[in-house]
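Going line by line, the protein sequences match chains A and B. For the first sequence, numbering that gives the first Met the number 0 assigns the number 0 to the initial residue and increments by one for each residue that follows. For the second sequence, numbering that gives the first Met the number 0 assigns the number 0 to the initial residue and increments by one for each residue that follows. What follows is a single structure, written as structure tokens, with notes after it.
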Amino acid sequence: MIALTIDDRSVTVPEGTTLWEAARCQGIDIPVLCHQPRLQPVGVCRMCVVDLGGRTLTASCIRTCENGMNVRTHSDKIERQRRMLTGLLLAEHPAPCGRERTTGDCELEALGRRYGLLGSSAVPGPLPTLRNGHRPTDHSSPVIAVDHQACILCDRCIRACDDIQSNEVIGRTGKGHATRIGFDLDVPMGESTCVSCGECAASCPTGALVNKPLTLPLVPRSETKAVDSVCPYCGVGCTLTYHVKENHILYAEGRDGPGSQGRLCVKGRYGWDYTHHLQRLTVPLIRRPEFYPKGPLSADVRGDAGPGLASPFAAFREASWDEALDSIATRLSAIKQAHGPGALAGFGSAKGSNEEAYLFQKLVRAVFGTNNVDHCTRLCHASSVAALLEGIGSSAVTDVFGDVQYADVVLLTGTNTTANHPVAATFFKRAAKRGTKLIVVDPRRPQIADFATWYCRLKPGTDVAFYNALLHVLIAENLVNREFIRERTEQFEAITAVVRDYPPERMARVCGIEVDTIRAIARALGHAKNLMIFWGMGISQHTHGTDNARCLIALCLATGNIGRPGTGLHPLRGQNNVQGASDAGLIPMVFPDYQPVGDSSIRQRFEQAWGTALDPKPGLTVVEIMRAAYDGRIKGMLMMGENPFLSDPNINKVRQALSRLEFLAVQDIFLTETAEFADVILPSASCLEKVGTYTNTDRRVQLGHKVVEPPGQARPDWQVLCELAARMGYPMNYDSPEAIFAEFASLTTSYRGLSHAALGAAGKLWPIVEAGAPETPVLFGDRFPTQSGRGQFVPCQFLPAKELPDGDFPFVLNTGRLLEHWHTGTMTRRAAALDALEPTPFVEVHPADLERLGMKEGDRIRVRSRRGDITLAARAAVAVSPGNVFIPFHFREAAANLLTIDELDPYGKIPEFKYCAVRLERLK
Amino acid sequence: MRLLARLFELQQCHGYLRAEDLHALANDARVPLYRLQGLISFYPHFRLTPPPQHEIGLCRDMACWLGGGEAVHSQVKKRWADELGVEIQEVSCLGRCEQAPAALLDGVPLRSRALLETSTLESLRSPAKVALPRRWRCDPYESAEARFAALGELLELSRESAVEKALGELKASGLRGMGGAGFPTAAKWDLVRKEMRLPKYVICNADESEPGTFKDRVILDELPHLVLEGMLLAGFVTGATKGILYIRHEYEPERRQFERALNAASQAGWVGKNIRGSGFEFEIEVFVSPGGYILGEETALLEALEDKRGEPRNKPPFPGTHGLFGQPTLINNVETLALIPGILRRGADWWRTQGKPGFSGLKFIAVSGHVERPGVHEIVTGTTVRELIDQAGGVKDGKQLLAFAPGGASSLFLPASQVDVPLDFDALAKAGSMLGSGALVVVAEGTELAALAANVVRFFRNESCGKCVPCRLGTQQAVELLEDVQAGKRERTALGVLPALGETLALTSICGLGQVALNPILSVMKHWPENAAAEVKP
């Protein structure tokens, strides 16, 4: 501890405390412009100078306390300097600046008022306005307005971009009085590598970097209603605060939380205005008789079937809620009556809340009488879940992503983290900058490879060969953790026998990674003190997705890296609530908390709780249900927030399947591509318009609050589900989502100790078995929840993808997502900023391939597979290797899933979105 | 050093930095683009457009201004600006003040007037003939063979006693740093020696760039072996194994001279691994500054060596404990290091007897401005300004002395009445100025002092790195104010804000540049209140 005197007060502080912090703890306010507690100090604005009795004054933000210091924080002499510094800055400042005119919190102008240099009572400033101070503005970014004249070069944006987000775009350019902030090689912000996370604007003290309005003009926080909530996009589940006025969100700000720590990405910060979009569904709709027999309506959804309706709304008439709900109840009941419960199915959504996921599966199971209930987890991590349940008895992550700070080696495989989990990526990048070795494996080079020690451009679909080769080296060089294997695992001999046939010398050719690299990586894994593995869809979305995940599990088990902070397995969850929707039982084989429907004692418990007999037979999965609809075995469906027309593979088949459904009801916030096939459409409240809980990738259950009122007659899905159940003869009475949560939690182990009240502002990690029990970020320190308590090695053989390229279809197609868009684009393409950033579909082609085909960047190109074709713009990209192309699947006008193959992984039943054969055709 | 070195190489390749090369470099070196932009926009050496056939740099600063630079340079511009392939720009002090007004043609220093006396620029591109080395009192070596004996002597002893002996002599000599701040050298060495963390570095600061200052240039040119030996001794005493000579890019002839000496010393076994079989290891590298006065500030210099923008660090910590790459680092000025072999060879007693009564030691002073024979003089400490002006041939054209600055542009101007002040750290401080960088600038009657001071303030404005608010904005305000008053756009009373502004710069700037930037004008306002109130003409 350090003892010193501040303004005649004796103070004791921990070593390393800065003078500014020490004073702040004493309630002494020292003005500062260039510092924020979350940033490393730089001491450039000099406003925080204090007097230590020396020749000069000292910047308190950057000077650490020393024993015996005698500090004076305020005196005439000091205030004189602060006033002069404020005057110097104001002399060039365009008051009122863009920040003062919007959120009203320009920190410089506040100081100007404090020192009497601004405002009606202002005494003349010490200095006149500089005449050559005119600096440019930059409006090239769709989300941030740049005014260099208002910039005071505090470097806060630089540190926000660098140290907090690790996007590394902003720096100082020029020298002396001509210094400015610049983006990349001093290009306009909108043309730079900026990813529009907005952290810079959130850090800026003046009007230099200011958010552009997305709805109504921005106003000070004091004039808004601030609502704390959770971001509706990815599984990171960032906490934020929405500022609302006149039932419109004006802006969103990061809110400190255990996962995201106040950070946001472009979607979270700027992607919420979809909720105010004019195309929102506001009344129940019933299909007009003239639009039978059913089929797609709009040109994009009709595909080759000729021109469609300009607006699909024309095919529907408005109806009352009673009429719409009665119609659904009657039609579904009739199908059940005529064809049995197995002719019905329901798709829930990972976008909905836990409460709604629970209610939806309860409706399907208890009222429809079938287990034909599934959701987009099937397209996402179903294979990972299968492998994890088999290998370690639980599908949840074994450690939270923030614990990457404790890992010295991290494997990121099949995850384009900066695009799909951008805020989690900031933690990975920071760890890498602090010395953690990143191993990045992906056929398409993800941006995070810039931070990697090794980047492996694996040949697509050869994951098992690669990981078996790593395991081969680990075993051959005795880099495995024998004690862990002995004490905690089973079947090591079996896997040893299999990987014996996978020497790196042979596998190098198969997977395209050099022998030395395979060995070096294996050694890094073997020597790691703490190894953590993160993966995404690049692992799971294969016909051998479960095998891929099994290999990753084997790596952790073999090296004993599970059960400690900074170790373990973390499949990065895609949707904001894909973890929670699965936890809540929105999958065909299990009740809530992964309790198998086939287990009679478990089933009895649910029959008792729900007061009805339940189907013992596991239901069909997403793609199987579509096949059954195609075959006429499924006749009636309810879809809540799911859009299989764009998200499922081989859309031409999906189109027919949806057309053939006898009855389809859709609950959604927009008239989606799938809703065009509906008989009845119900307007739902968006995430931002209702209360509910969402479980993020870390297993953190967080409460989302109602931010704005739903438009028109739109209702929260849970209310609609209750109404439907009642009309189908099964009353479900809940007065709030809280009550639904209580019922759901009581039927689980993992959530049993949780309630809305217990979640608080920060949420809670499950499992919480008893109310008030502490959180467990790291699972399985002693045993695995398998039958034997041991982890299972499951050996896998390398199998090629289902559709390999050939002479007719020589390219491998990979599909995936973009930073700016989400899934089927329903929300993000209606968010003005996101749409402006990535407005149109494209296919990434290697420049060498483009040249060979006689095409150039921007050319329209037809991509054809055995199942369909789309036309879109070519984008030259070295991220893909020659012979490979990548298409994001968000765009209805060039839907990538028209091309993809509906082959499934035998265990996870996940389709092979990451691999099919296509050819590129030049347009005449 | 790697990144800047690669930028140097790239510029060498094409004459300028091409955007595609910068993208490739960022990719290859795995640094963000903005870092490269930060460097190339900060350092004047780098250019983003193809170079002209001939590049003329004209010095605009104090000594050249006093030497009639404005008139000569406007003639040079008139003569050459319209010539195809010729690019002319004004540059900061080139450290050739005795040739004032001075210029640089394609990197080769020359008198600006030479540009008016020639019909082709090609004929001027061969460097000027180097004068024969003079004999300097501080050099203890009679012949080239005798050099490095001070180090050789220490290497004979046990390490412990050698270090003790060297530090003892240094301490007894009372030698202080000759770069401007005057910190006791022995104490600085001891501080670095006591640091346990390895590696340690020794840096010779040869980035002399203050207007009127060019003594280090002459030392590098004529006594490079003493600078080298000083660095070796510093390495030996502090336990450093790596030395870096940080030299400004305008000192190209002097760099070559130093490297010749370095090669000779290496061949003789005085540099490298296991020096003369003693087990002592010391490598020396020459780093050419990408430019800017501020790089002479020791922490800005360190930032440049770390491939960053040369912006001074907040201190503490000081380089002695947290220097290059956070490691203990000794940074000494060229002159300081050059004086040490003599002190160790001849003893502290010899050094102390070198000064005038009451003073001790030798000092190199660059004399410029209005004197008959500007140049570098090696004086005994305590020599008065009057005596030194006499040594330099007296005030030019027999004029009366008006004012002088004893320590370069950043020292305060003193009136002629103080001409008998001895040149010494303490005596000058007492007189209200400073010995500074050892540069006596002589100003003859008839000079408009406010205009001279404005010229100096403009220099500091031009050379401010821009990191901290007071310096970045305060120097600009001061320059605009002075120019406005001169142009009649503002009342002279407007200058009344300068003392308060000067106080803020002095008290709150991060480094010495900002702290002293307004000194010249403030000293003129103090000693010549009537002059300051008069019309200010640059």
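We put the CB at the ideal spot given by N, CA and C, even for glycine.
Discussion item. Using the Cβ count rule (16 or more neighbours within 10 Å means buried), how would you classify threonine 223 of chain A?
Written reply: Burial call: buried.
Fill in: Inter-residue spacing [alpha-carbon to alpha-carbon] between arginine 71 of chain A and aspartate 348 of chain B
Pairing arginine 71 of chain A with aspartate 348 of chain B, the inter-Cα distance amounts to about 45 Å.
Discussion item. For the alpha helix (DSSP H) containing threonine 184 of chain B, name the first residue and the last one.
Written reply: In the DSSP assignment, threonine 184 of chain B falls within the alpha helix (DSSP H) that extends over 184 to 193.
Worksheet entry | Integer-rounded CB distance, given that alanine 58 of chain A should sit under 8 Å from arginine 45 of chain A | The pair is a contact, with the Cβ atoms about 6 Å apart (cut-off 8 Å).
Discussion item. Assuming alanine 627 of chain A is part of the alpha helix (DSSP H), what are its boundary residues?
Written reply: First-last of the alpha helix (DSSP H) with alanine 627 of chain A: 621 to 630.
Worksheet item: Is it true that the CB of threonine 748 of chain A sits closer than 8 Å to the CB of valine 777 of chain A?
Response: The answer is no: Cβ separation not under 8 Å.
Item to complete: Would you check if the distance between the CB atom of leucine 687 of chain A and the CB atom of threonine 274 of chain A is smaller than 8 Å?
Response: For leucine 687 of chain A and threonine 274 of chain A, yes; Cβs fall inside 8 Å.
Worksheet item: So what does DSSP say about lysine 528 of chain A, is it helix, strand or coil?
Response: Coil at lysine 528 of chain A, not helix or strand.
Discussion item. Using a Cβ-Cβ distance cut-off of 8 Å, determine whether leucine 35 of chain B contacts chain A.
Written reply: So yes, leucine 35 of chain B belongs to the interface.
Discussion item. So for cysteine 105 of chain A, helix, strand or coil by DSSP?
Written reply: In this structure, cysteine 105 of chain A counts as coil in the three-state DSSP scheme.
Discussion item. Suppose contacts are defined by Cβ-Cβ distances below 8 Å. Is isoleucine 517 of chain A in contact with methionine 531 of chain A by that definition?
Written reply: No; because the gap between Cβ atoms is not below 8 Å, this pair is not in contact.
Worksheet item: For glycine 501 of chain B and chain A, any beta-carbon pair shorter than 8 Å?
Response: With 8 Å as the cut-off, glycine 501 of chain B does not count as an interface residue toward chain A.
Item to complete: For the beta strand (DSSP E) containing glycine 242 of chain B, list its first residue and its last residue.
Response: Taken as a continuous stretch (DSSP letters only), the beta strand (DSSP E) holding glycine 242 of chain B covers 241 to 247.
Item to complete: Pull up the distance between the alpha-carbon of valine 218 of chain A and that of threonine 671 of chain A, whole angstroms please.
Response: Roughly 34 Å between the two C-alpha positions.
Worksheet item: What is the rounded straight-line gap between the Cα of threonine 4 of chain A and the Cα of glycine 322 of chain B?
Response: Using only the alpha carbons, I get a separation of about 29 Å.
Worksheet item: Considering only C-alpha positions, which residue in the set A:Glu106, A:Val229, A:Ser352 and A:Arg254 is nearest to cysteine 203 of chain A?
Response: Sorting A:Glu106, A:Val229, A:Ser352 and A:Arg254 by C-alpha distance to the C-alpha of cysteine 203 of chain A places A:Glu106 at the top.
Discussion item. To the nearest angstrom, how far is the alpha carbon of leucine 554 of chain A from that of glycine 305 of chain A?
Written reply: Those two C-alpha atoms are separated by around 52 Å.
Discussion item. Which same chain residues end up closer than 8 Å to valine 90 of chain B when comparing Cβ atoms and leaving out the 5 residues on each side of it in sequence?
Written reply: Cβ neighbours of valine 90 of chain B beyond the five flanking positions: Pro43, Gly56, Leu57, Cys58, Arg59 and Leu103.
Worksheet item: Can you give the Cα-Cα distance for aspartate 805 of chain A and leucine 903 of chain A, rounded to whole angstroms?
Response: When rounded, the distance between both Cα atoms is 21 Å.
Worksheet item: Under 8 Å Cβ-Cβ, which residues of chain B neighbour glutamate 91 of chain A?
Response: Leu472, listed in chain order.
Practice prompt. Please decide whether glycine 175 of chain A counts as near chain B, where near means a Cβ-Cβ distance under 8 Å.
Written response: Answer yes: the Cβ-Cβ gap between glycine 175 of chain A and chain B drops below 8 Å somewhere.
Worksheet entry | Span of the alpha helix (DSSP H) around isoleucine 739 of chain A | That run of the alpha helix (DSSP H) goes 736 to 745.
Worksheet entry | Chain-order list of residues whose beta-carbon lies under 6 Å from that of glycine 393 of chain B (same chain, five-residue window excluded) | The residues are Glu371.
Worksheet item: When the Cα atoms are used, what is the spatial distance from asparagine 529 of chain A to leucine 571 of chain A?
Response: Rounded to the nearest angstrom, the two C-alpha atoms are 18 Å apart.
Discussion item. Rounding to the nearest angstrom, what Cα-Cα distance links serine 191 of chain A and aspartate 183 of chain A in this structure?
Written reply: Each residue's alpha carbon lies about 6 Å from the other.
Worksheet item: Counting pairs of Cβ atoms below 8 Å between the stretch 280 to 297 of chain A and the stretch 448 to 455 of chain A, do you hit three or more?
Response: The stretch 280 to 297 of chain A vs the stretch 448 to 455 of chain A: no contact.
Fill in: alanine 533 of chain B versus arginine 491 of chain B: straight-line alpha-carbon distance, rounded
At alanine 533 of chain B, the pLDDT of 45 sits below 50, so the modelled position is not reliable; the number obtained from the coordinates is stated separately. Straight-line spacing of the CA atoms in alanine 533 of chain B and arginine 491 of chain B works out to 8 Å.
Item to complete: Indicate the three-state DSSP secondary structure (helix, strand or coil) for valine 653 of chain A in the structure shown.
Response: Three-state result, valine 653 of chain A: helix.
Item to complete: Quick one: list the residues of chain A neighbouring cysteine 464 of chain B, beta-carbon separation under 7 Å, in chain order.
Response: Result: Lys174 and Gly175.
Discussion item. Using a Cβ-Cβ distance cut-off of 8 Å, determine whether cysteine 644 of chain A contacts chain B.
Written reply: Checking the displayed sequence, the identity of residue 644 of chain A turns out to be phenylalanine instead of cysteine. Phenylalanine 644 of chain A does not count as touching chain B.
Practice prompt. Identify, in the order they occur along the chain, each residue of the same chain with its Cβ nearer than 7 Å to the Cβ of glutamate 675 of chain A, setting aside the five sequence neighbours on each side.
Written response: Around glutamate 675 of chain A, the same chain offers Pro295, Leu296, Ser297, Val300 and Pro311 as residues with beta carbons nearer than 7 Å, after the five sequence neighbours per side are excluded.
Practice prompt. Examine chain A for any beta-carbon lying closer than 8 Å to the beta-carbon of leucine 294 of chain B, and answer yes or no.
Written response: Output row for leucine 294 of chain B: interface = no.
Worksheet item: Could you give the distance in angstroms between the alpha-carbon of glutamate 482 of chain A and the alpha-carbon of isoleucine 474 of chain A?
Response: Cα to Cα, glutamate 482 of chain A sits roughly 14 Å from isoleucine 474 of chain A.
Worksheet item: Between glutamine 701 of chain A and leucine 619 of chain A, is the Cβ-Cβ spacing less than 8 Å?
Response: One thing to note: glutamine 701 of chain A has its Cβ no nearer than 8 Å to the Cβ of leucine 619 of chain A.
Item to complete: Measure from the alpha carbon of isoleucine 163 of chain A to the alpha carbon of each residue in A:Ile180, A:Arg262, A:Cys233 and A:Asp154, then state which is nearest.
Response: It is A:Arg262 whose Cα lies nearest to the Cα of isoleucine 163 of chain A.
Practice prompt. Using DSSP bridges, identify the partner residues of leucine 57 of chain B.
Written response: Its beta-bridge partners are B:Glu89 and B:Ala102.
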